[in-house]
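Structure first, then comments.
Protein chains: 2
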Amino acid sequence: MNFQTALAEAAGRVQACLATELRGYGSEPIIDAMRYAVTGGKGLRGFLVMESARLHGVSESQSIWAAAAVEAVHAYSLVHDDLPAMDDDDLRRGQPTVHVKWDEATAILAGDALQTLAFDLLAREGCARDPARRVALIATLAEAAGARGMVLGQAQDIAAETAAAPLTLAQITELQANKTGALIRWSAEAGARLAGADPAPLSAYATALGLAFQIADDILDVEGDAETAGKRLRKDEDAGKATFVSLLGLEGAKARAAALVEEAEEALSPFGATAETLRAAARFVIAREK
Amino acid sequence: MNFQTALAEAAGRVQACLATELRGYGSEPIIDAMRYAVTGGKGLRGFLVMESARLHGVSESQSIWAAAAVEAVHAYSLVHDDLPAMDDDDLRRGQPTVHVKWDEATAILAGDALQTLAFDLLAREGCARDPARRVALIATLAEAAGARGMVLGQAQDIAAETAAAPLTLAQITELQANKTGALIRWSAEAGARLAGADPAPLSAYATALGLAFQIADDILDVEGDAETAGKRLRKDEDAGKATFVSLLGLEGAKARAAALVEEAEEALSPFGATAETLRAAARFVIAREK
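Going down the list, the protein sequences come from chains D and Y. For the first sequence, counting from 1, position 213 maps to 231 in the numbering used here; every step adds exactly one. For the second sequence, counting from 1, position 97 maps to 115 in the numbering used here; every step adds exactly one.
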């Protein structure tokens, strides 16, 4: 089975898990909006959770809860990021964004409730029998998602739009380490935390992977096809924002991303052949078309 | 010491705890907005946590973390509720709302990060040495705050504005049990959960208290003074929304609130004189002017 098929299958299982969960929530528009928001994504973060869990001998029936949790956080961040007051996007995953399909109030509340749901899922016994392991996942997710992680990165990204000078490479790197890197790192480390193992060996992998992911995003914004990507492209260029492409040039950015993928692959050498799927995930992030 | 002094002192300690926490977060506008959002409230929910904890022999140096967590959730819900796409309020606690003082993007992100912070605080060892107790607080807070609790109530409230017919008393009661009742209930039960005790004895108290609180809010909206309340009043009447006052009449609403406070006080009889402060809290919710 090739990597993209494996990724799509895992994403389908995580989305089904979230849909089943939400079936118990009633039929208000906000619940429909939550279900809609967790549907159709690549599911890379959830996949990283399940793969790092497998690497540590944790079953998928267990790791799927942490995978669903991180996908819920990711979905909430996209719903809020797409709002008119933020990035003002009307297209996501090839579909109208939540505030376009419903309205802004529903998008704000559905996003809020998706974040809550993430912590709800991590607090369950199915996620890890040992409460200390659940608490470790919750504490680290809160750090990765909050005002010292993802949300800080989103705020830095918005501030950059009105900054007097374009960001430097160091500033962009820090911004992206927060905005997308923190959640990707949490995902890759989650398997170790589920097993009560040291997450450090996966940290180098995840850090390189997160940065490669964002550089690839910037390349996709310039080179990609909007229909395939399922979202508007060339937004950064139009907004005059500094990106890895504007700072390194297109070829420079591609070279840097490729070097990072190599770095990510090498970080997995202690795991030998069992980590082959995570290596494929690293190669995928720079080869993807959406 | 009278009740309002005790409440103000406790609120000051919770706000100081949150301010100290946020000092470690850097100096971005979003951090300032978070600090601003947790400042100046009555602090009733945090007070309920600390009082129910005291009733169960849990020290304030421990219960303050859960108190800070629930105040962070409450503050986030107000910041998002005040947004133009929601209630569109420009005044809160006598001060400009977050999106007025900063902007909408900052308000959305500061609210998001305050929710994350709540789970962060509950996951710490200071909150409860036993991870199982921390997980119990996290799981129940997620249920109370999410799409089966507070956020559901907010969505029902917004839906009511465009509903064909005004809500019935049963519908308003259910809406409010979600919108404000769930978090008040969590707060009053938290002390038992921190002690590993059965939270059921406090449930009857908290349920009556939560409903009395909302009826009092509706009465305040009609009878209150905007300057004392620190927020715009008469909004429900202007919007033609059904409230406990419109459904029961002003005197009927007052009688119902008073009966609920009596019910709440009686529910505490197993605790004897040690629960006097919680009884005073119940009397306070219908006597308050803001």
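By construction, the Cβ of each residue, glycine as well, lies at the ideal position given by its N, Cα and C atoms. Bear in mind that the values here come from a model prediction, so they are computed numbers and not experimental data.
N- and C-terminal bounds of the alpha helix (DSSP H) containing residue i
{"i": "C35/D", "result": "F21 to R41"}
{"i": "V56/Y", "result": "From DSSP, V56/Y is part of no alpha helix (DSSP H); its letter is neither H nor E."}
{"i": "S264/Y", "result": "F262 to L266"}
{"i": "T246/D", "result": "A244 to A247"}
{"i": "K119/Y", "result": "V116 to K119"}
{"i": "A234/Y", "result": "A218 to E241"}
{"i": "L296/D", "result": "E294 to A305"}
{"i": "S95/Y", "result": "E78 to D99"}
Neighbouring residues, chain Y, relative to residue i (Cβ below 7 angstroms)
{"i": "L101/D", "result": "I126"}
{"i": "P184/D", "result": "What P184/D touches in chain Y: nothing, since even the nearest Cβ is about 18 angstroms away."}
{"i": "V18/D", "result": "As displayed, chain D neither begins before 19 nor continues past 308, which places residue 18/D out of reach and without an answer."}
Contact list for residue i against chain D, beta-carbon separation under 7 angstroms
{"i": "Y43/Y", "result": "A165 and R166"}
{"i": "D50/Y", "result": "Going along chain D, no residue has its Cβ under 7 angstroms from D50/Y, so there is no contact; the nearest lies around 11 angstroms."}
{"i": "E122/Y", "result": "A103"}
{"i": "D130/Y", "result": "H98, Q133 and V169"}
Residue i and residue j closer than 9 angstroms at C-beta
{"i": "D268/D", "j": "E294/D", "result": "First, the residue type needs correcting, since residue 268/D is Leu and not Asp in the sequence shown. No, the Cβ-Cβ distance between L268/D and E294/D is not below 9 angstroms."}
{"i": "L127/Y", "j": "R110/Y", "result": "no"}
{"i": "T225/Y", "j": "G199/Y", "result": "yes"}
{"i": "R151/D", "j": "A141/D", "result": "no"}
{"i": "L132/D", "j": "A90/D", "result": "yes"}
{"i": "A136/Y", "j": "V88/Y", "result": "yes"}
{"i": "G64/Y", "j": "A86/Y", "result": "yes"}
{"i": "L238/Y", "j": "L251/Y", "result": "yes"}
{"i": "Y54/D", "j": "D130/Y", "result": "no"}
{"i": "L36/Y", "j": "F302/Y", "result": "no"}
{"i": "V190/D", "j": "A234/D", "result": "Looking at the sequence itself, residue 190/D is Ile, so the reference to Val does not match. Taking 9 angstroms as the Cβ cut-off, I190/D and A234/D do not qualify as a contacting pair."}
{"i": "L220/D", "j": "L155/D", "result": "no"}
{"i": "H98/Y", "j": "A125/Y", "result": "yes"}
{"i": "A183/D", "j": "E46/Y", "result": "no"}
{"i": "D7/D", "j": "T115/D", "result": "Nothing can be reported for residue 7/D, as the shown portion of chain D is limited to 19 through 308."}
{"i": "D138/D", "j": "G164/Y", "result": "yes"}
{"i": "A260/D", "j": "T158/D", "result": "no"}
{"i": "E283/D", "j": "A300/D", "result": "yes"}
{"i": "R31/D", "j": "E78/D", "result": "yes"}
{"i": "R203/D", "j": "G228/D", "result": "yes"}
{"i": "L73/D", "j": "F231/D", "result": "no"}
{"i": "G167/D", "j": "L201/D", "result": "yes"}
{"i": "G58/Y", "j": "E245/Y", "result": "no"}
{"i": "K60/Y", "j": "R306/Y", "result": "yes"}
{"i": "C145/Y", "j": "A84/Y", "result": "yes"}
{"i": "L62/D", "j": "M52/D", "result": "no"}
{"i": "S287/D", "j": "V67/D", "result": "no"}
{"i": "S105/Y", "j": "H117/Y", "result": "In the sequence as presented, Ser is not what sits at residue 105/Y; that position holds Asp. Going by C-beta atoms, D105/Y is not nearer than 9 angstroms to H117/Y."}
{"i": "L193/D", "j": "D175/D", "result": "yes"}
{"i": "P149/D", "j": "D148/Y", "result": "yes"}
{"i": "I48/Y", "j": "A273/D", "result": "no"}
Residue i Cβ short of 8 angstroms to the ligand FAD heavy atom set
{"i": "V91/D", "result": "Ligands are entirely absent from the displayed structure, and the ligand FAD is therefore not among its contents."}
Neighbouring residues, chain Y, relative to residue i (Cβ below 8 angstroms)
{"i": "Q172/D", "result": "L127"}
{"i": "R110/D", "result": "Ordered by position in chain Y, no residue passes the 8 angstroms Cβ test against R110/D, which lies about 16 angstroms from the chain."}
{"i": "L134/D", "result": "First, the residue type needs correcting, since residue 134/D is Thr and not Leu in the sequence shown. Correct list: Q133, A160, A163, G164, A165 and V169."}
Residues bridged to residue i (per DSSP)
{"i": "L127/Y", "result": "DSSP lists no partner for L127/Y."}
{"i": "R110/Y", "result": "Q113/Y"}
Chain-ordered neighbours of residue i on chain D, where CB pairs are closer than 9 angstroms
{"i": "R31/Y", "result": "Simply none; closest approach about 22 angstroms."}
{"i": "E46/Y", "result": "A165, L170, A173, Q174 and A177"}
Proximal chain D residues relative to residue i, where beta-carbon distance stays under 8 angstroms
{"i": "A157/Y", "result": "D138, A141 and R142"}
Original post:
What are the uninterrupted segments assigned as alpha helix (DSSP H) that are 4 or more residues long and contained completely in the stretch 131-203 of chain D, given in chain order?
Top reply: 149-163, 168-179 and 187-194, all fully within the stretch 131-203 of chain D.
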